[in-house]
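Protein chains in written order, with the UniProt record's numbering: chain A, 1 to 251; chain B, 1 to 251. Please read the structure below before turning to the comments.
Number of protein chains: 2
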Amino acid sequence: MQKTTAAPAKFTHVQCGSCPIRHRAVCARCDTDELERLEETKYYRSFEAGQTIVWSGDRMDFVGSVVSGIATLTQTMEDGRRQMVGLLLPSDFVGRPGRETAAYDVVATTDLVMCCFRKKPFETIMLDTPHVGQRLLEMTLDELDAAREWMLLLGRKTAREKIASLIAIIARRDASLKLQSSEGRVVVDLPLTREAMSEYLGLTLETVSRQISALKRDGVIQIEGKRHIIIPDFDLLIEEAGDDSDGGFLV
Amino acid sequence: MQKTTAAPAKFTHVQCGSCPIRHRAVCARCDTDELERLEETKYYRSFEAGQTIVWSGDRMDFVGSVVSGIATLTQTMEDGRRQMVGLLLPSDFVGRPGRETAAYDVVATTDLVMCCFRKKPFETIMLDTPHVGQRLLEMTLDELDAAREWMLLLGRKTAREKIASLIAIIARRDASLKLQSSEGRVVVDLPLTREAMSEYLGLTLETVSRQISALKRDGVIQIEGKRHIIIPDFDLLIEEAGDDSDGGFLV
DNA sequence: CGGAGAGTTGACGACTGTCAAATCGTGTGG
DNA sequence: CCACACGATTTGACAGTCGTCAACTCTCCG
């Protein structure tokens, strides 16, 4: 009731046909008839940077897609240790059909707009319009692959490699969103605080800071301000990340 | 061509209706008509303990379900560091519809029987019989949850907590398979070598061995032989694992 | 100007990895 | 039936990475 209602930049109703995530979201495969069905059911919600969208364990009666902004999924242990387990970018899906309560904290790290459906109607839609279920399966399989890549990072990479990997991942996503290539000189803005990076990487905030400084000192990256990063040679960064040069994917 | 053909215990054709994984596998929701369709397409393959089923990057022209035995999915870095990213038990699904090549090494850690489908026919089945796609989505979402739980383990737990978690996970699965409860005194056999455990947990084999010894010394577990484990008080084990007492789930 | 939040840096120590050797268990050849 | 070999596991000694605690800088804002 508090801030949730007083959200930023109220999103006016957008026609699915001109939606920015139309071709990647859960609705990507829908035909015109199916879109009409979604159109009459969907609604938009906005959240401010820093705002928690749902708490782990809380009842969650909607599902939805990130339209703009970034959100994170995080798990917390009893003693407060935290591990990020999902990084949600535009077109990513939030929530699980068939589940009552949220399994993770979902937090908006930037201002965020979501295209939502109440859970029950969405479950009905999934039964009626196979294209939604098919696309959701595809997206879930992609997320599973990303999670497994992430497990390799968490289990086996050094702090330096973790940082290099994260920068590479964000740069690749950013490039693919802007339809640019990620080769040679690449520039990115980190959408995460040092703390959020540490939660992503299974490190402490201090180690993150130190390794960023080290990569900077070694010329792998250059930094302007706190968040703006210039990668003079993307291949070098990949090498530092310990990945074989070919693709890397992500949520 | 070599050992692959000379597999153990040739599985004779089993009717889906009396298949041991009938109620949990990708076919769980199928009705009689649909089963008939699967029945005429499926075939069985057997593998010996230690045998690699597919190598990462290789062409993979089938998908399938584990009928009996255990397999692992593993990623390898260029310098040889390895991280397990999936532990496949009976009823778990192997392979990804719509993908040409395997993304991970798949290895049988015990003698294994799989119920297979060539990929193309399976993709057709998925389009025709919605229950298969629906069930696969459900299973994939479960796997994603398990992967995220695993990420918390890899990123934030201590070596001791990792070992306790692994034992708890295996004990829970084992209990659920045998329809027993996992409370009070529990007994399990570890189906993994110390090395496989270390690949699961993101540790070295030596650390695994040391922490198992420590848990034994502290009375959290008792050991007979190398693999047979007695847990006098399951709640105590859970406490050592750092989990909140309620559920824990897994692939 | 003071304060709060984000980020950086330093000193130190603990946990876990590395290297090496010893032990246990099982299967094979003599 | 026993000795030996090999793989799996355990244990020890030591080193390095990363976490902890703490001080300090920078920027933004009231």
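For glycine and all other residues, C-beta sits at the position ideal for the given N, C-alpha and C.
**Study point:** Contact list for B:Gln83 against chain A, beta-carbon separation under 7 Å
**Key:** Within chain A, the residues near B:Gln83 are Met151, Leu152, Gly155, Arg156.
(request) Taking only runs that begin and end inside the UniProt domain "HTH crp-type" (157-235) of chain B, name each unbroken beta strand (DSSP E) of 3 or more residues, in chain order. (result) Segments of the beta strand (DSSP E) lying fully in the UniProt domain "HTH crp-type" (157-235) of chain B: 186-189, 222-224, 228-231.
Problem set entry | Validate contact between the stretch 90-102 of chain B and the stretch 53-67 of chain B using beta carbons, cut 8 Å, 3 pairs | A contact between stretches requires three or more CB pairs, one per stretch, nearer than 8 Å, and the stretch 90-102 of chain B meets this requirement with the stretch 53-67 of chain B.
query: Relative to chain A, which residues along the stretch 86-108 of chain B have a C-beta separation below 9 Å, given in chain order?
result: From the stretch 86-108 of chain B, only Gly86, Arg96, Pro97, Gly98, Arg99, Ala103, Tyr104 have a Cβ closer than 9 Å to chain A.
- prompt: Cβ of B:Met77 less than 8 Å from any chain A Cβ?
  reply: For B:Met77, the answer is yes, since a Cβ of chain A falls inside 8 Å of its Cβ.
- Message: Quick check on A:Arg37: does DSSP put it in helix, strand or coil?
- Response: Helix, per DSSP.
Flag B:Gly219 as yes if its beta-carbon sits less than 8 Å from any beta-carbon of chain A, otherwise no. By this cut-off, B:Gly219 is not an interface position.
Could you run through the stretch 182-193 of chain B and flag, in chain order, every residue whose CB is less than 7 Å away from some CB of chain A?
From the stretch 182-193 of chain B, no residue has a Cβ closer than 7 Å to chain A.
- Query: Excluding the five sequence neighbours on either side, which residues of its own chain have a C-beta within less than 7 Å of the C-beta of B:Arg194, listed in chain order?
  - Reply: Contacts found: Leu205, Val208, Ser209.
* Asked: Along chain A, which residues have their Cβ under 7 Å away from the Cβ of B:Ala168?
  -> Near B:Ala168 there are no residues of chain A at all, since even the closest Cβ is about 15 Å away, more than 7 Å.
- Query: Hey, out of B:Ala108, B:Arg81, B:Arg82, B:Gln180, whose CA is closest to B:Val94's CA?
  - Reply: Considering only B:Ala108, B:Arg81, B:Arg82, B:Gln180, the residue with the shortest C-alpha distance to B:Val94 is B:Ala108.
> So what's A:Cys30 in DSSP terms, helix, strand or just coil?
Replying inline: Taken through DSSP and simplified to helix, strand or coil, A:Cys30 comes out as coil.
Item to check | Which residues DSSP lists as bridging B:Met139, in chain order | outcome: According to DSSP, which records beta bridges pairwise, B:Met139 is partnered with nothing at all.
Flag A:Gln15 as yes if its beta-carbon sits less than 8 Å from any beta-carbon of chain B, otherwise no. Against chain B, the CB of A:Gln15 has no partner CB under 8 Å away; the residue lies outside that interface.
Check your understanding: Helix, strand or coil: which one does DSSP assign to A:Gly57?
Key -> In this structure, A:Gly57 counts as coil in the three-state DSSP scheme.
TODO: Run the CB neighbour count on B:Ala49, radius 10 Å, all protein chains shown included, and call it buried at 16 or more, exposed below.
DONE: B:Ala49 sits exposed, since fewer than 16 C-beta atoms from the chains shown fall within 10 Å of its C-beta.
| Close beta carbons around A:Ala159, own chain, < 6 Å, minus the five adjacent residues each side | Spatial neighbours of A:Ala159 in its own chain (CB-CB distance under 6 Å, excluding positions within 5 residues in sequence) are listed in chain order as Leu203, Thr207, Gln211.
May I have the straight-line CA-CA distance separating B:Leu112 from B:Cys19, to the nearest angstrom?
Going by the C-alpha atoms only, they are around 15 Å apart.
Residues in the stretch 125-151 of chain A having any Cβ partner in chain B nearer than 8 Å | Taking 8 Å as the Cβ-Cβ cut-off against chain B, the residues of the stretch 125-151 of chain A that qualify are Pro130, Gly133, Gln134, Leu136, Leu137, Glu138, Thr140, Leu141, Glu143, Leu144, Asp145, Ala147, Arg148, Glu149, Trp150, Met151.
**Q.** Proximal chain A residues relative to B:Gly202, where beta-carbon distance stays under 7 Å
**A.** Per Cβ cutoff of 7 Å: Leu154, Gly155, Arg156.
Straight-line Cα distance separating A:Leu127 from A:Arg96: Rounded to whole angstroms, A:Arg96 to A:Leu127 spans 15 Å at the Cα level.
Could you tell me the distance, in whole angstroms, from the CA atom of B:Glu100 to the CA atom of B:Ile53? So the alpha carbons of these two residues sit roughly 15 Å apart.
- Task: Can you tell me which of B:Leu201, B:Cys115, B:His131, B:Lys119 puts its alpha carbon nearest to the alpha carbon of B:Trp150?
- Result: The shortest Cα separation from B:Trp150 among B:Leu201, B:Cys115, B:His131, B:Lys119 belongs to B:Leu201.
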